[in-house]
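Below is one structure, written out as structure tokens; comments come after it.
Following this line, the structure appears as structure tokens:
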């Protein structure tokens, strides 16, 4: 593709140049029917972070903010793997103290099987 008849340095020229430089990535979904045409799934996953960003400004400290990030990661990972986040976290926190280190992978969201 080429950019023609667009004034050099204009906002439109910058937008067209940006798109042309990334044309391969922008049209990748045309070569693989399993790739989505949009990124709505990812946008939905990061929405809780974007919405809560102002609320987390006052987490208390950097350490508290990092702990909040870990919990949010566990919640989103549970959701992505089709689990109820509350049930996952409750079971995880119950089993974690006695889980052998050699079997810790069993508690990861993609491996987790709820206890009865």
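Numbering (the UniProt record's numbering), first residue to last: 1 to 116.
Every residue gets a Cβ at the ideal spot worked out from N, C-alpha and C, and that includes glycine.
Expected contact under 8 angstroms - CB spacing of residue i and residue j to nearest Å
i, j, result
"residue 91", "residue 73", "Actually they do not touch by this definition, with Cβ atoms about 17 angstroms apart."
Straight-line gap, residue i to residue j (C-alpha atoms, nearest Å)
i, j, result
"residue 45", "residue 5", "40 angstroms"
"residue 43", "residue 106", "28 angstroms"
"residue 108", "residue 85", "12 angstroms"
"residue 32", "residue 62", "42 angstroms"
"residue 66", "residue 99", "24 angstroms"
With 16 other Cβ atoms within 10 Å as the buried cut-off, status of residue i
i, result
"residue 88", "buried"
"residue 112", "buried"
Same chain, Cβ closer than 8 angstroms to residue i, neighbours up to 5 away in sequence not counted
i, result
"residue 28", "35"
Same chain, Cβ closer than 6 angstroms to residue i, neighbours up to 5 away in sequence not counted
i, result
"residue 81", "109 and 110"
Q | Length at least 4, wholly inside the UniProt domain "Transposase IS66 central" (2-66): the alpha helix (DSSP H) runs in chain order | A | Listed in chain order, the complete alpha helix (DSSP H) runs (minimum 4 residues) inside the UniProt domain "Transposase IS66 central" (2-66) are 11-21, 23-26 and 40-52.
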